[in-house]
Amino acid sequence: NMPKETVSAIKEYAPNAKRVGLIATQGTLHDQIYDNEIISAGYELVKPTEKIADQTMSLIYDDIKAKNYVDEGLYHLILSQMVETLKADIVILGCTELSVAQQRAGDHDYPVIDAQTVLADRCIALAKEKRGQNK
Numbered sequence: 001n002m003p004k005e006t007v008s009a010i011k012e013y014a015p016n017a018k019r020v021g022l023i024a025t026q027g028t029l030h031d032q033i034y035d036n037e038i039i040s041a042g043y044e045l046v047k048p049t050e051k052i053a054d055q056t057m058s059l060i061y062d063d064i065k066a067k068n069y070v071d072e073g074l075y076h077l078i079l080s081q082m083v084e085t086l087k088a089d090i091v092i093l094g095c096t097e098l099s100v101a102q103q104r105a106g107d108h109d110y111p112v113i114d115a116q117t118v119l120a121d122r123c124i125a126l127a128k129e130k131r132g133q134n135k
């Protein structure tokens with residue numbers, strides 16, 4: 001469960017976080033895929049403004065999907081607005097294209113947690129655990 005694993009990992013990545021931001025596609029935001037996990041874990045959910053959501057959609061669809069290009073300035077602007085303007089203590093990257101943005105333009109100091117990386121790390125840990133049980 002990607003949202004559950006990601007929210008659980010926030011305790012490790014940002015133990016003092018209270019306000020958790022989320023950037024993702026409009027569909028993910030609309031369907032509230034992360035909302036319950038964030039709120040039930042005791043965090044305040046920080047959703048992007050309409051402007052930030054539109055910028056995120058442009059980054060995902062116009063740049064990464066269409067051109068295989070990451071607009072570093074736009075990515076950093078989105079994170080800046082989430083952290084500095086909306087006061088998120090950490091920002092969940094809730095879309096695989098945002099993982100690409102982080103990989104290619106990760107030279108920043110904004111506190112982010114990449115849901116795809118969290119899930120991959122958890123899968124590896126579970127596989128190692130299972131492998132150890134089969135010996």
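Okay, so the sequence shown: first residue is 1 according to this note's numbering, each after it adds one. Where is the CB? At the ideal position from N, CA and C, for every residue including glycine.
Tell me the residue span of the alpha helix (DSSP H) that contains residue i.
i: ILE113; result: Taken as a continuous stretch (DSSP letters only), ILE113 belongs to no alpha helix (DSSP H), being part of the beta strand (DSSP E) at 112-114.
Considering just the uninterrupted stretch of the beta strand (DSSP E) at residue i, what are its terminal residues?
i: LEU77; result: Premise fails: LEU77 lies in the alpha helix (DSSP H), 72-80, not in any beta strand (DSSP E).
Taking DSSP's pairing of strands, which residues face residue i in a bridge?
i: ILE38; result: Note: ILE38 sits in no beta bridge, so no partner.
i: VAL46; result: GLY21
i: VAL91; result: GLY21 and VAL112
Work out the CA separation of residue j and residue i for me, nearest whole Å.
i: ASP35; j: GLY27; result: 13 Å
i: VAL22; j: GLN133; result: The sequence shown places Leu at residue 22, rather than the Val named in the question. Approximately 36 Å between the Cα atoms of the pair.
i: ALA105; j: ARG131; result: 35 Å
i: ALA41; j: ASP31; result: 19 Å
i: PRO48; j: GLU84; result: 12 Å
Check the C-beta distance from residue i over to residue j and give it rounded, since I have them as a contact under 8 Å.
i: THR6; j: VAL100; result: With a Cβ gap of about 17 Å, THR6 and VAL100 do not count as contacting.
i: GLU97; j: ILE39; result: Rounded, the Cβ-Cβ distance is 25 Å, inconsistent with contact.
i: ILE90; j: ALA14; result: 4 Å
i: GLU44; j: ARG19; result: 5 Å
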